[in-house]
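**Q** I am attaching a structure below and will ask some questions about it afterwards.
There are 2 protein chains.
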Amino acid sequence: MRSERGLASRRGVIGAVAGAAAALPAGIARAAGNPQNQPPHLPEWGRSLGPGVIEETYGTRSRHETAVRRYVPWLTPDRVSSVSFTPLAEMHGIITPSGLHFERHHGGVPDIDPADYRLMIHGMVERPLIFTLEDLKRMPQVSRIHFIECPANGGMEWRGAQMSGVQFTHGMLSCSEWTGVPLKLLLAQAGLRPGASWLLAEGGDASHMTRSVPLAKALDDAIIAYGQNGEAVRPQQGYPVRLVLPGYEGNMWVKWLRRIELGDRPWFSRWETRTYTDLMPDGLSRQFTFVNEVNSVITYPCPEKPLQGRPGFVEISGLAWSGAGRITRVDVSVDGGDNWRTAELQDPVLPKALTRFRIPWEWREGQSAFLQSRAMDETGRVQPSITALRAARGTESIYHKNSIHTWLVERDGTVVNVQIDA
Amino acid sequence: MRSERGLASRRGVIGAVAGAAAALPAGIARAAGNPQNQPPHLPEWGRSLGPGVIEETYGTRSRHETAVRRYVPWLTPDRVSSVSFTPLAEMHGIITPSGLHFERHHGGVPDIDPADYRLMIHGMVERPLIFTLEDLKRMPQVSRIHFIECPANGGMEWRGAQMSGVQFTHGMLSCSEWTGVPLKLLLAQAGLRPGASWLLAEGGDASHMTRSVPLAKALDDAIIAYGQNGEAVRPQQGYPVRLVLPGYEGNMWVKWLRRIELGDRPWFSRWETRTYTDLMPDGLSRQFTFVNEVNSVITYPCPEKPLQGRPGFVEISGLAWSGAGRITRVDVSVDGGDNWRTAELQDPVLPKALTRFRIPWEWREGQSAFLQSRAMDETGRVQPSITALRAARGTESIYHKNSIHTWLVERDGTVVNVQIDA
Numbered sequence: 004m005r006s007e008r009g010l011a012s013r014r015g016v017i018g019a020v021a022g023a024a025a026a027l028p029a030g031i032a033r034a035a036g037n038p039q040n041q042p043p044h045l046p047e048w049g050r051s052l053g054p055g056v057i058e059e060t061y062g063t064r065s066r067h068e069t070a071v072r073r074y075v076p077w078l079t080p081d082r083v084s085s086v087s088f089t090p091l092a093e094m095h096g097i098i099t100p101s102g103l104h105f106e107r108h109h110g111g112v113p114d115i116d117p118a119d120y121r122l123m124i125h126g127m128v129e130r131p132l133i134f135t136l137e138d139l140k141r142m143p144q145v146s147r148i149h150f151i152e153c154p155a156n157g158g159m160e161w162r163g164a165q166m167s168g169v170q171f172t173h174g175m176l177s178c179s180e181w182t183g184v185p186l187k188l189l190l191a192q193a194g195l196r197p198g199a200s201w202l203l204a205e206g207g208d209a210s211h212m213t214r215s216v217p218l219a220k221a222l223d224d225a226i227i228a229y230g231q232n233g234e235a236v237r238p239q240q241g242y243p244v245r246l247v248l249p250g251y252e253g254n255m256w257v258k259w260l261r262r263i264e265l266g267d268r269p270w271f272s273r274w275e276t277r278t279y280t281d282l283m284p285d286g287l288s289r290q291f292t293f294v295n296e297v298n299s300v301i302t303y304p305c306p307e308k309p310l311q312g313r314p315g316f317v318e319i320s321g322l323a324w325s326g327a328g329r330i331t332r333v334d335v336s337v338d339g340g341d342n343w344r345t346a347e348l349q350d351p352v353l354p355k356a357l358t359r360f361r362i363p364w365e366w367r368e369g370q371s372a373f374l375q376s377r378a379m380d381e382t383g384r385v386q387p388s389i390t391a392l393r394a395a396r397g398t399e400s401i402y403h404k405n406s407i408h409t410w411l412v413e414r415d416g417t418v419v420n421v422q423i424d425a
Numbered sequence: 004m005r006s007e008r009g010l011a012s013r014r015g016v017i018g019a020v021a022g023a024a025a026a027l028p029a030g031i032a033r034a035a036g037n038p039q040n041q042p043p044h045l046p047e048w049g050r051s052l053g054p055g056v057i058e059e060t061y062g063t064r065s066r067h068e069t070a071v072r073r074y075v076p077w078l079t080p081d082r083v084s085s086v087s088f089t090p091l092a093e094m095h096g097i098i099t100p101s102g103l104h105f106e107r108h109h110g111g112v113p114d115i116d117p118a119d120y121r122l123m124i125h126g127m128v129e130r131p132l133i134f135t136l137e138d139l140k141r142m143p144q145v146s147r148i149h150f151i152e153c154p155a156n157g158g159m160e161w162r163g164a165q166m167s168g169v170q171f172t173h174g175m176l177s178c179s180e181w182t183g184v185p186l187k188l189l190l191a192q193a194g195l196r197p198g199a200s201w202l203l204a205e206g207g208d209a210s211h212m213t214r215s216v217p218l219a220k221a222l223d224d225a226i227i228a229y230g231q232n233g234e235a236v237r238p239q240q241g242y243p244v245r246l247v248l249p250g251y252e253g254n255m256w257v258k259w260l261r262r263i264e265l266g267d268r269p270w271f272s273r274w275e276t277r278t279y280t281d282l283m284p285d286g287l288s289r290q291f292t293f294v295n296e297v298n299s300v301i302t303y304p305c306p307e308k309p310l311q312g313r314p315g316f317v318e319i320s321g322l323a324w325s326g327a328g329r330i331t332r333v334d335v336s337v338d339g340g341d342n343w344r345t346a347e348l349q350d351p352v353l354p355k356a357l358t359r360f361r362i363p364w365e366w367r368e369g370q371s372a373f374l375q376s377r378a379m380d381e382t383g384r385v386q387p388s389i390t391a392l393r394a395a396r397g398t399e400s401i402y403h404k405n406s407i408h409t410w411l412v413e414r415d416g417t418v419v420n421v422q423i424d425a
């Protein structure tokens, strides 16, 4: 594909965000501060005792880090049916801190008393069952590190580069260690009736999110999860129980899970017809685009973490993921796709989990560059270019945009979201 | 070893905690609650909108989970030089949520302004250097999932079973994804002078914790860490920067790291002579017991999570770890060591990280049992019995107790901390 690209065309920027230079987060100033707290002085915090263990004792982050936030007031004035974004530029490694996990709610966050929590399994089963939370916790357990991504992640970029930073182009993406009972064990207890081939998962919140899931997925790696990063699932992520469907689009990971109904066909609920379907150029919808396909993004540098005043060594770093399995390779280009080098993948590389990649680069002040990453997974899937993706799918959809993403590093080190007509 | 054990001796309980039955955490009642919120009724949280995305938007846990806490008021009245314990009975998987990470402070928690943070490297180096936090973040990065354990974990158990639950016998143990710059890269920049073979790490808090570290460890896998579970290191864990020494005892992972001095011998500071040395029966101290050796504990069932009223299937679950490398096998006994079965290890099994093990068991009401786990690591190390450990090391130490731990399941399902004279 590379040889087919004309230089002029490849350099034709078809979308860019004006005024995208983002400020460094407050409190991460480079060389400011109080000289009296710097060498050779003993800083004030080394001269007196600090607060000790506190009775509330559920630890919190430093007050100097509060600029790192997932809520974006200008983007989501409606807080009940609302969204927040993980600040990927500030993240390290592959685990998303639960306090910064992205959110998408359709009826707000319900306050569920775990003593009243019940999960019902009914429909085409031999024995309809109701489980308490304690019932679920007594069953065999599994823990898995998996990413979750809203299918609308990057959705505003189908028609051009519109968002000012990686928090908005890719921030509906998080990764946690999920713990719970394999769904197949619950289904075995209920007993499947002949012909059962689909299930409906319904949330217990006021929006009653309902999604159809193929039975094969439920019998594969689906988890009824009550644990997230070692503790109880957070309320914003479905406390006390959510459905975990590794690799499937986040909307299907039904939160505040209330019931599972077995059937012999999909339900075509509002949440899989009016929304969460991919509109094609001919006006029809693609049916069943459950898997979030192979994708990647560079998180450093990025608009929120530019290079101004930082010539020299740059470790380009980013995240890759695939709903189909393990990431096997990430290539990085600094010249918009002319040349690619293979990045290093940070162990552990886990299936359907975020994978951190890194590659060294030397940036000279006055040098502009088009940074791209291109991920491949163990099924052989490769990230397409935006041009190839549009050729196949048009620009009417807001879902499943997984094309190669481009950051333009300008001569002064500013980083801007652009699209290249490749 | 098993054949040498007399039944009477093995069954001779040499230590037990009276009245150790712990209450279930509040809010996890089994079948209480409000029937109006249970099937067939639509619960109240499904009938009205909940709060949406909030502006502060650093997520918190459910108000129903606040009984899960690390602080133990009766144990640590002194809050400044104080300790808190991870509630292992409530943990899932291998990641410890940062809010429940165990703490050990010797001068309280300093409030460090990241703009004023400096790391100094000096002593036997060619070029003494001072790094800002931004300097550190611009260098090549590594992320690793590693456990950290206070060497005094279980220290009160050398002379007998004294603690009432797993939070106290083993809770100075946590596991996070740590991110930072490899220490060896900083040392390469400073340039080692001939003969440099040790370094001193000093904390910036008021206690100025100082520990000697062999240079070989610094050149191996030591990390100058600013990231913990995806975000900034928490203040209680050393914000903005702590030393990470995978597999080494937690006290050496100096928090609020201020300087690293290179030298040609250990410093024998207060923190490695008066404290954090293992006292032997002959009155001498073992020198340099840096590695936390292979260890394991069953976290379900345990005193905090007993089996009362829960006959039938039990998935025994626990954690294993070794400062020397990967866990290769965990055997579990329900009869105090007569018979062992090999447990399943949850992927991923990472070097110097917590490893979750699980094995099914059938418990009949009226049946007492002595539950034990015995871990092995890739170096061939095996957890010793408490008797073997005492024979080698006496009972004067409070550090590095890694012997096989026993929970007595009483006939009614109560679980008690005991020691078996094996």
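Protein chains in written order, with this note's numbering: chain A, 4 to 425; chain B, 4 to 425.
Where a beta carbon is used, it is the ideal one built from N, C-alpha and C, also for glycine.
1. For Leu103 of chain A, does the three-state DSSP call read helix, strand or coil?
2. So, at 7 Å on beta carbons, what are the nonlocal neighbours of Trp364 of chain B in its own chain, with the 5 sequence-adjacent residues on each side left out?
3. Report the CB separation of Phe360 of chain A from Glu347 of chain A in whole angstroms; it is logged as a contact under 8 Å.
4. Determine, using beta carbons only, whether Phe360 of chain A comes closer than 8 Å to chain B.
5. Whole-angstrom Cβ separation of Ser406 of chain A and Leu392 of chain A, contact assumed at under 8 Å?
6. Based on Cα-Cα distance, which residue from B:Lys258, B:Phe171, B:Thr276, B:Thr63 lies nearest to Leu91 of chain B?
7. Between which residues of its own chain and Asp224 of chain A is the CB-CB distance below 7 Å, once the five residues before and five after are set aside?
8. What residues from chain A crowd round Met379 of chain B, counting only those whose CB sits closer than 7 Å?
9. Give a yes or no on whether 8 Å exceeds the smallest Cβ distance from Asn173 of chain B to chain A.
10. For Gly30 of chain A and Asn232 of chain A, what's the separation of their Cα atoms in angstroms?
11. List, in chain order, every chain B residue whose beta-carbon is nearer than 7 Å to that of Leu52 of chain A.
12. What residues are listed by DSSP as bridge partners for Tyr251 of chain B?
13. Could you tell me which residues DSSP puts in a beta bridge with Gln231 of chain A?
14. Between which two residues does the alpha helix (DSSP H) containing Val169 of chain A stretch?
15. When DSSP builds the beta bridges, which residues end up paired with Gly315 of chain A?
16. Please tell me whether Gly110 of chain B and Thr182 of chain B are closer than 8 Å, where the distance is taken between their beta carbons.
17. For Pro131 of chain B, I'd like the list of residues in its chain whose CB is within less than 8 Å of its CB, leaving aside the five on either flank, ordered along the chain.
18. Would you mind stating whether Ile384 of chain B and Val352 of chain B have Cβ atoms separated by less than 8 Å?
19. Hey, how far is the Cα of Ala394 of chain A from the Cα of Thr292 of chain A?
20. Identify whether Arg384 of chain A lies in helix, strand or coil by the three-state DSSP scheme.
21. Could you work out which residue in B:Arg277, B:Tyr74, B:Pro314 is closest to Met175 of chain B when comparing CA atoms only?
22. Below 8 Å on the Cβ atoms is my contact criterion, and I expect Ser146 of chain A with Ile148 of chain B to pass it. Report the Cβ-Cβ distance as a whole number of Å.
23. Taking DSSP as the reference, what is the three-state secondary structure of Gln144 of chain B?
24. Out of curiosity, what's the CA-to-CA distance linking Gln422 of chain A and Trp259 of chain A?
25. Across which residues does DSSP place Trp201 of chain A in a beta bridge pair?
26. Between the beta-carbon of Asn254 of chain B and the beta-carbon of Arg196 of chain B, is there less than 8 Å?
27. For a contact meaning CB atoms closer than 8 Å, what does Pro351 of chain A contact in chain B?
28. How would you call Phe105 of chain A, buried or exposed, if buried means at least 16 neighbouring beta carbons within 10 angstroms?
29. Is Trp410 of chain A helix, strand or coil by DSSP?
30. Is there a Cβ from chain A that is less than 8 Å from the Cβ of Gly416 of chain B?
31. Name the two residues that bound the continuous alpha helix (DSSP H) containing Arg393 of chain B.
32. If you draw a straight line from the C-alpha of His173 of chain A to the C-alpha of Ser87 of chain A, how long is it?
33. Of the choices B:Leu45, B:Glu205, B:Glu234, B:Leu190, whose alpha-carbon is the least far from that of Ala199 of chain B?
34. Mapping DSSP to helix, strand and coil, what is Ala225 of chain A?
35. Give the interface partners of Gly230 of chain B over in chain A, defined as CB-CB distance under 9 Å, in chain order.
36. So which residues of chain B does Asp114 of chain A contact, with C-beta pairs closer than 7 Å?
**A** By the coordinates alone:
1. Within the first sequence, residue 103 of chain A is the residue found at index 100, counting from 1. In the structure shown, Leu103 of chain A sits in a helix (DSSP, three-state: H, G or I).
2. For this step, residue 364 of chain B is matched to residue 361 along the second sequence. Apart from sequence neighbours up to five positions away, the residues of its chain that approach Trp364 of chain B with a beta-carbon distance below 7 Å are Val317, Ile319, Val337, ordered along the chain.
3. Taking the first residue of the first sequence as 1, we reach residue 360 of chain A at position 357. Taking the first residue of the first sequence as 1, we reach residue 347 of chain A at position 344. About 7 Å; that satisfies the 8 Å criterion.
4. Indexing the first sequence from 1 puts residue 360 of chain A at position 357. No, Phe360 of chain A does not count as interfacial toward chain B.
5. Position 403 of the first sequence holds residue 406 of chain A. Position 389 of the first sequence holds residue 392 of chain A. The C-beta separation of Ser406 of chain A from Leu392 of chain A comes to about 4 Å, placing the pair in contact by the 8 Å criterion.
6. The residue you call residue 91 of chain B lines up with position 88 of the second sequence. The shortest Cα separation from Leu91 of chain B among B:Lys258, B:Phe171, B:Thr276, B:Thr63 belongs to B:Phe171.
7. Here residue 224 of chain A is taken as the residue at index 221 of the first sequence, counted from 1. The residues are Pro249.
8. What you label residue 379 of chain B is simply residue 376 of the second sequence in a count that begins at 1. Those within 7 Å of Met379 of chain B in chain A number zero; the least Cβ separation is about 21 Å.
9. Looking up residue 173 of chain B in the second sequence gives position 170. According to the sequence as given, residue 173 of chain B is His; it is not Asn. False, the Cβ-Cβ gap to chain A never drops below 8 Å.
10. Residue mapping note: residue 30 of chain A aligns to position 27 of the first sequence, counting from 1. Residue mapping note: residue 232 of chain A aligns to position 229 of the first sequence, counting from 1. Annotation note: pLDDT 34 at Gly30 of chain A (below 50); position unreliable, no value reported.
11. What you label residue 52 of chain A is simply residue 49 of the first sequence in a count that begins at 1. Those are Val83, Gly110, Gly111, Ala209, listed as they occur along chain B.
12. Mapped onto the second sequence, residue 251 of chain B falls at position 248. Per DSSP, the beta-bridge partners of Tyr251 of chain B are B:Val294.
13. Against the first sequence, residue 231 of chain A aligns to sequence position 228. Looking at the DSSP output, Gln231 of chain A shares a beta bridge with A:Trp181, A:Glu234.
14. Numbered from its first residue, the first sequence carries residue 169 of chain A at position 166. Boundaries of the alpha helix (DSSP H) around Val169 of chain A: 169–172.
15. The sequence position of residue 315 of chain A within the first sequence is 312, counting from 1. Gly315 of chain A is bridged to A:Trp366.
16. The sequence position of residue 110 of chain B within the second sequence is 107, counting from 1. The sequence position of residue 182 of chain B within the second sequence is 179, counting from 1. For Gly110 of chain B and Thr182 of chain B, no; Cβs fall outside 8 Å.
17. Position 128 of the second sequence holds residue 131 of chain B. Met123, Ile124, His125, Ala193, listed in sequence order.
18. Taking the first residue of the second sequence as position 1, residue 384 of chain B is located at position 381. Taking the first residue of the second sequence as position 1, residue 352 of chain B is located at position 349. A quick correction: the sequence has Arg, not Ile, at residue 384 of chain B. The beta carbons of Arg384 of chain B and Val352 of chain B sit no closer together than 8 Å.
19. Stepping through the first sequence from its first residue, residue 394 of chain A is reached at position 391. Stepping through the first sequence from its first residue, residue 292 of chain A is reached at position 289. Approximately 18 Å between the Cα atoms of the pair.
20. Position 381 of the first sequence, counted from the first residue, corresponds to residue 384 of chain A. Arg384 of chain A: coil per DSSP, three-state reduction.
21. Residue numbering aside, residue 175 of chain B sits at position 172 when the second sequence is read from its first letter. Among B:Arg277, B:Tyr74, B:Pro314, the Cα nearest to that of Met175 of chain B belongs to B:Tyr74.
22. Here residue 146 of chain A is taken as the residue at index 143 of the first sequence, counted from 1. Here residue 148 of chain B is taken as the residue at index 145 of the second sequence, counted from 1. Not a contact, Cβ separation roughly 13 Å.
23. Residue mapping note: residue 144 of chain B aligns to position 141 of the second sequence, counting from 1. It is coil, neither helix nor strand.
24. As a first step, residue 422 of chain A is located in the first sequence; it is residue number 419 there, counting from the start. As a first step, residue 259 of chain A is located in the first sequence; it is residue number 256 there, counting from the start. Distance from the CA of Gln422 of chain A to the CA of Trp259 of chain A, rounded to the nearest whole angstrom, comes to 38 Å.
25. Taking the first sequence and counting its residues from 1, one reaches residue 201 of chain A at position 198. Answer is A:Pro217, A:Gly266, bridged to Trp201 of chain A.
26. For the purposes of this step, residue 254 of chain B is taken as residue 251 along the second sequence, with counting starting at 1. For the purposes of this step, residue 196 of chain B is taken as residue 193 along the second sequence, with counting starting at 1. The Cβ atoms of Asn254 of chain B and Arg196 of chain B lie no closer than 8 Å to each other.
27. For the purposes of this step, residue 351 of chain A is taken as residue 348 along the first sequence, with counting starting at 1. Under a criterion of Cβ atoms nearer than 8 Å, the residues of chain B adjacent to Pro351 of chain A are, in order, Ile148, Pro351, Leu353.
28. If you number the first sequence from 1, residue 105 of chain A lands on position 102. With 16 or more Cβ atoms within 10 Å of its Cβ, Phe105 of chain A is classed as buried.
29. Here the question's residue 410 of chain A lines up with position 407 in the first sequence. If DSSP states are grouped into helix, strand and coil, Trp410 of chain A belongs with the strands.
30. Position 413 of the second sequence, counting from 1, holds the residue named residue 416 of chain B. No, no contact with chain A.
31. Here residue 393 of chain B is taken as the residue at index 390 of the second sequence, counted from 1. Arg393 of chain B -> alpha helix (DSSP H) spans 389–396.
32. For this step, residue 173 of chain A is matched to residue 170 along the first sequence. For this step, residue 87 of chain A is matched to residue 84 along the first sequence. When rounded, the distance between both Cα atoms is 11 Å.
33. Residue 199 of chain B sits at position 196 when you count from the first residue of the second sequence. Comparing Cα-Cα distances from Ala199 of chain B to each of B:Leu45, B:Glu205, B:Glu234, B:Leu190, the minimum goes to B:Leu190.
34. The sequence position of residue 225 of chain A within the first sequence is 222, counting from 1. In the structure shown, Ala225 of chain A sits in coil (DSSP, three-state: anything other than H, G, I, E or B).
35. Within the second sequence, numbered from 1, the residue matching residue 230 of chain B stands at position 227. Within chain A, the residues near Gly230 of chain B are Met94, His95, Gly96.
36. On the first sequence, position 111 is the one that residue 114 of chain A refers to. Simply Trp48, Gly53.
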